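*Asks:* Just dropping this structure here.
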Amino acid sequence: MLLAPLSIFAQKFGHFNSSEVIQLMPEYTAAQTEIQQLQSQYETDLKRMQDELQKKSEEFEKEQAGLLENVRQRRQAELQDLYNRIQQSYQDNQKSLQETSQQKMQAISDKMLGAIKEVGTEGNYVYIMDVSAGIPYISTTLSTDVTAQVKQKLGLK
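Numbered according to my numbering, the sequence shown spans residues 42 to 198.
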């Protein structure tokens, strides 16, 4: 019975800062660059579509009075269709950006998790907690900061 409490104190606990580690990963930088390029391309495409809508709307405004009713209705329907396509493109682009970001971050998280598991196994840690996850308190005397070890496993400085 007296040995049981001592075994609790023999357990090792670690902590690390995932934000610090992720910021240093080249995969993170590459993912951010790729996502920004994709977002820029989407913005360019939407701007082109909006400019087209603006141009056609202005032309319609100028010619509207002299158009036959069926032609006017058809042109209004074309403008509405173009507007709807812009809205749909915007929504599709946002969804695509979100999915791409999630995929990239999942791959980065998986790689980091592998390094954390290696550090945990090699160091015989019971738990390794992420301080950037909002844990209110971690005792630095009872828990070891393994951030440097995780960085080393990932080949980061």
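Backbone N, C-alpha and C define an ideal beta-carbon position, used for all residues, glycine too.
If you're wondering where the values come from, they're calculated on a predicted model, not measured in any experiment.
Out of curiosity, what's the CA-to-CA distance linking S137 and T185?
*Replies:* The straight-line gap from Cα to Cα measures roughly 40 Å.
*Asks:* For R116, I'd like the list of residues in its chain whose CB is within less than 6 Å of its CB, leaving aside the five on either flank, ordered along the chain.
*Replies:* Counting only Cβ-Cβ distances below 6 Å, and skipping sequence neighbours, we find F101.
*Asks:* Take L195 as the anchor and find which of D92, G175, T74, A156 has the nearest alpha-carbon.
*Replies:* Taking only the C-alpha atoms, the option nearest L195 is A156.
*Asks:* Between which two residues does the alpha helix (DSSP H) holding S150 run?
*Replies:* It spans 110-164 - the alpha helix (DSSP H) in which S150 sits, taken as one unbroken run.
*Asks:* Between V172 and K96, what straight-line distance do the alpha-carbon atoms span, to the nearest angstrom?
*Replies:* Approximately 53 Å between the Cα atoms of the pair.
*Asks:* In the DSSP output, which residue or residues are listed as bridge partners for T185?
*Replies:* BP columns for T185 point to G55.
*Asks:* Tell me which residues share the same chain as E68 and place their Cβ nearer than 6 Å to its Cβ, disregarding the 5 neighbours each side in the sequence.
*Replies:* Here the set comprises I149.
*Asks:* Per DSSP, which residues does I169 bridge with? Please list them.
*Replies:* BP columns for I169 point to G55.
*Asks:* Would you call the region 66-86 and the region 128-146 touching, i.e. three or more CB-CB distances under 8 Å?
*Replies:* The answer is yes - the region 128-146 touches the region 66-86, with three or more Cβ pairs under 8 Å.
*Asks:* Check G107 in the structure and name its three-state DSSP category.
*Replies:* The answer is helix: DSSP assigns G107 an H, G or I state.
*Asks:* Under 8 Å Cβ to Cβ from I169, same chain only, skipping five residues before and after it: list those, please.
*Replies:* The residues are F54, G55, H56, F57, I157, V160, G161, V187.
*Asks:* If you run the structure through DSSP and keep just helix, strand and coil, what is K194?
*Replies:* Three-state DSSP puts K194 in a helix.
*Asks:* What separation, rounded to the nearest whole angstrom, lies between the Cα atoms of A174 and A71?
*Replies:* If I take the Cα positions, the gap works out to 23 Å.
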